[in-house]
Every structure is written in C-alpha cells, then in structure tokens.
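There are 2 protein chains.
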Amino acid sequence: MVRNFPEPDVFNANCPTQQVLETIADKWSVIVLYVLSQTETRRYSELQRVIGGISQKMLTQTLRKLERDGLVMRRVYPVVPSKVEYSLTPLGYTLTELLKAICTWAQTHWDEIEAARVRYEQGSDR
Amino acid sequence: MVRNFPEPDVFNANCPTQQVLETIADKWSVIVLYVLSQTETRRYSELQRVIGGISQKMLTQTLRKLERDGLVMRRVYPVVPSKVEYSLTPLGYTLTELLKAICTWAQTHWDEIEAARVRYEQGSDR
DNA sequence: CGGCATCCTAGAGGATACTG
DNA sequence: CAGTATCCTCTAGGATGCCG
C-alpha cells in the first residue's frame, strides 16, 4: 500500500504533499487564485485582461487544472455569444488567506530581494 | 521610470511581485526552504538525501537562486573533502511561517483534492 | 564532498488559425 | 466569447562524466 503516510513529509517524492505543490506552487495558479479571491466571479476574458502576460493557452490550462483539483468552479451560461464565469469553490476559499499572505510577503520584501541580487552580482564579479 | 508602482498588483507583468513569485512559487524552492526552516543548518549531501527525487542539478540550481535572492546563506569550510553548509538568512526566516502554512494546507486538504480529481474524471468520461 | 560542464530529450508554453 | 487544435520553439531538467 503506497498511500497512508506515517507522518506527512514533503521530502518524500511519493508524498501527496509534493503533488499538491505541483498544483499550488505555480506562478499562474497563484495569480489566478489570487484574482478570484478578490472578486467573487470573473469571466474568462476578464481574467485574460486583468492578468498581464498570460497567454490564452496558459490561462485555459491553469483554469482546467484548478477546476480538476476542486479549487475553482466553472459555470457556463447557455447564451450566445457564450459566457463563462469562474469562481472559487469552498475548498479554494480555504486558500485565500494563504495566497494573500504570499502576495503581501512578495510586495513587502521585494526591495530586500532586489538588494540581495545586486550584492550577489557584485560578489561574483570579482 | 518603470519602477515605483502606485499599488502593488500581481496582475501586472511588470510588477515585482510577479518576479518574486518566480522564485517562491516553485516546487523545489518551497521544499528546500521548508527543510532549512526545520533544521538550522544542512549540508549539501543531507539536502539531497532528505529531499526525495531532486536531482543534483536542480538542487544546486535552486540553492543558487535562493542564495542570490538573499533567502539562503551558503557557508564553505576550507577543509578537504569539502564541506558546505546551508541555512536560512533572516529574510529567509520571515518566510518560514508561510511555508509551514502552505505545507500544512497541502497535507490537510490532499484528500479533498484527490476526491475532486476522481469526480472530474468521471464527469468528463460521459 | 560539492559541485561545474556537457549532452540530450520531453514537455512547457507562445503564436496563429479555426469553431460552436 | 470562450475556447480547441496545430505547429513550432525553447528551455527545464535528467544522465553522465570530470575536477578541486
């Protein structure tokens, strides 16, 4: 039996935690979830417009993955032209605080990281 | 001046937040940081052994990136055979709570995600 | 021991065109 | 509008071998 781990260790390649990270620890996933966490509901085209630099392929792919994992809900309106709305599921909502924290951290500490990079470059130059 | 953003928006491709996510929102980075957050100090070979399924190339690459961004500290002991120890910097430590939360979330909700996947497969089959 | 350097391949991911 | 399909490129990342 491969399942059932004595203690959850992220370090084990077989551990589900690593598989979850494959979903969560992805740039586009974080951003999409973050957008949805702020706005109740978003249409496909809104997401594409609001998120800078994402291709439509990546957007669709990310949404599918999040939907498959039960984090995002997809509602199709049978109208023409078509209308599709995306929102977080209850499970997805349990992530919002975490996502907010991550984005806040990124915003707060960006200058320190940038400074570290400069220092690193200088150190490696001579 | 490209820098200096009115309000930090993750959605803007130019926003530093996205750049930080490139570092943080990476599976191996999360895991390496998590290991270091638990153990003060780790040697290279310990990290490689403890983390299942990481290649040495990826490990080195991840460590360099984290070092460059000021999250991880690398200390070399001039002995032979060589000895290198990695640990978190103060900046890196500010991430530990977040990382713990992420890993905890992954552990807690894995079964729900798995259930969602099964549901998704069934739905798409017919 | 703790790495680089090199080679190689699968898959990520962009651009473009077409469709219900 | 909200995608799918196709093609094509480029790079992430494994395997292997060498070095201080």
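Going line by line, the protein sequences match chains U and A. To convert a position in the first sequence, counted from 1, into my numbering, add 6. To convert a position in the second sequence, counted from 1, into my numbering, add 6. Note that CB positions come from ideal geometry on N, CA and C, so glycine has one too. Computed from a predicted structure; not experimentally measured.
Asked, Found
"Of the listed residues U:Val82, U:Ala122, U:Gln54 and U:Glu73, nearest to U:Thr29 (C-alpha basis)", "U:Glu73"
"One or two residues paired with A:Tyr92 in a DSSP bridge", "A:Arg48 and A:Arg80"
"Whole-number beta carbon distance between U:Val90 and U:Arg55, since they are thought to touch under 8 Å", "Actually they do not touch by this definition, with Cβ atoms about 14 Å apart."
"Rounded C-alpha distance that separates U:Glu52 from A:Trp111", "29 Å"
"Contact set between the segment 100 to 119 of chain U and chain A, restricted to residues whose Cβ is under 8 Å from the partner", "Thr100, Leu101, Leu104, Ala107, Ile108, Cys109, Trp111, Ala112, Gln113, His115, Trp116, Glu118 and Ile119"
"Residues sharing a beta bridge with U:Asp75, DSSP", "BP columns for U:Asp75 are empty, so no partner."
"Cutoff 8 Å; reference U:Leu105; Cβ partners in own chain excluding five residues on either side", "Val36, Leu39, Tyr40 and Ser43"
"8 Å contact criterion, which A:Thr47 and A:Tyr92 should meet: CB distance rounded", "7 Å"
"In DSSP terms, what U:Asp32 is bridged to", "A:Asp32"
"Chain-ordered neighbours of U:Gly76 on chain A, where CB pairs are closer than 8 Å", "Glu118, Ile119, Ala121, Ala122, Arg123, Arg125 and Tyr126"
"Selection from A:Cys109, A:Gln62, A:Leu101 and A:Thr45 that minimises the alpha carbon distance to U:Leu27", "A:Cys109"
"Beta-carbon neighbours of A:Thr47, restricted to chain U and to distances below 8 Å", "Residues of chain U passing the Cβ test: none, with the nearest at roughly 16 Å."
"Span separating the alpha-carbon of A:Val8 from that of A:Val86", "Note that A:Val8 has pLDDT 38, beneath the 50 cutoff, so the model's placement of it is unreliable and the number below is only indicative. Roughly 48 Å between the two C-alpha positions."
"Proximal residues of chain U, C-beta to C-beta of A:Thr23 below 8 Å", "Cys109, Ala112, Gln113 and Trp116"
"DSSP state of U:Leu104 mapped onto helix, strand, coil", "helix"
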